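A.B. asks: Quick note: to get the working numbering, add 18 to the position in the sequence shown (first position is 1).
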Amino acid sequence: MKKIFNPSSVRRPFGNYNHGLLVPPGASLLVTSGQLGIGLDEKVPEDVGAQAELCFEAIKAILTDAEMSFADVIRISGFVTKREDFPAYMAMRDRYTLDPKPASTLIIVSGFTRPEFLVEVEVTAAKLFS
19 MKKIFNPSSV RRPFGNYNHG LLVPPGASLL VTSGQLGIGL DEKVPEDVGA QAELCFEAIK
79 AILTDAEMSF ADVIRISGFV TKREDFPAYM AMRDRYTLDP KPASTLIIVS GFTRPEFLVE
139 VEVTAAKLFS
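1. Please classify Thr150 as buried or exposed, where buried requires at least 16 neighbouring CB atoms within 10 angstroms.
2. Assuming Leu136 contacts Val98 (C-beta within less than 8 Å), just tell me the rounded distance between them.
3. With Leu39 and Ile56 assumed to form a contact (beta carbons below 8 Å), what rounded beta-carbon distance in angstroms separates them?
4. Check the C-beta distance from Ala70 over to Met19 and give it rounded, since I have them as a contact under 8 Å.
5. Identify, in the order they occur along the chain, each residue of the same chain with its Cβ nearer than 8 Å to the Cβ of Asn24, setting aside the five sequence neighbours on each side.
6. In the DSSP output, what is Phe97 paired with across the bridge?
7. Drop a sphere of 10 angstroms on the beta-carbon of Phe74, count the other beta-carbons inside from all chains shown, and report buried for 16 or more, exposed for fewer.
8. Can you name, in chain order, every residue of its own chain whose Cβ lies under 7 Å from the Cβ of Phe147, other than the five neighbours on each side?
9. How big is the Cα-Cα spacing for Glu64 and Glu134?
10. Does the beta-carbon distance from Val141 to Arg101 come in below 8 Å?
11. Kindly indicate which three-state DSSP category Leu47 falls into: helix, strand or coil?
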């Protein structure tokens, strides 16, 4: 369904993602809002890995409601407050993403709506329904 683009004239991706994915005509598109690391109980874990897991679990629930899965994700945007949180975030991203790996961006930000939030994740997914 999706065509991968990693041109030889561009440096290979730094991690488990692709530079570009082409979605065929007729695919349904799902765009999520940014998901934060907060549970239904309103608790916010102190570490970025646990917060990222909550973000990806929320995204999983949204994908499921849309009759999609992480295999349909074509783009992930992650936002963290500290450079040293990259490895924990990327480990969680890699745990949830499936092949073909989506395009991915990770940005350091100065903060979120509440100071205890360390990470936010949003995705775009596309799927052909028969």
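No residue lacks a Cβ here, since even glycine has one placed at the ideal position from N, Cα and C.
All values reported here derive from a predicted model rather than from experimental measurement.
C.D. replies: Per the coordinate set shown:
1. Outside the displayed range of the chain (19 to 148) lies residue 150, so it cannot be described from this structure.
2. 6 Å
3. Incorrect: roughly 29 Å between the Cβ atoms, too far for contact.
4. No, Ala70 and Met19 are not in contact; Cβ-Cβ is about 27 Å, not under 8 Å.
5. Arg30, Pro31, Asn36, His37 and Gly38
6. Ile125 and Glu138
7. buried
8. Ser46
9. 7 Å
10. no
11. strand
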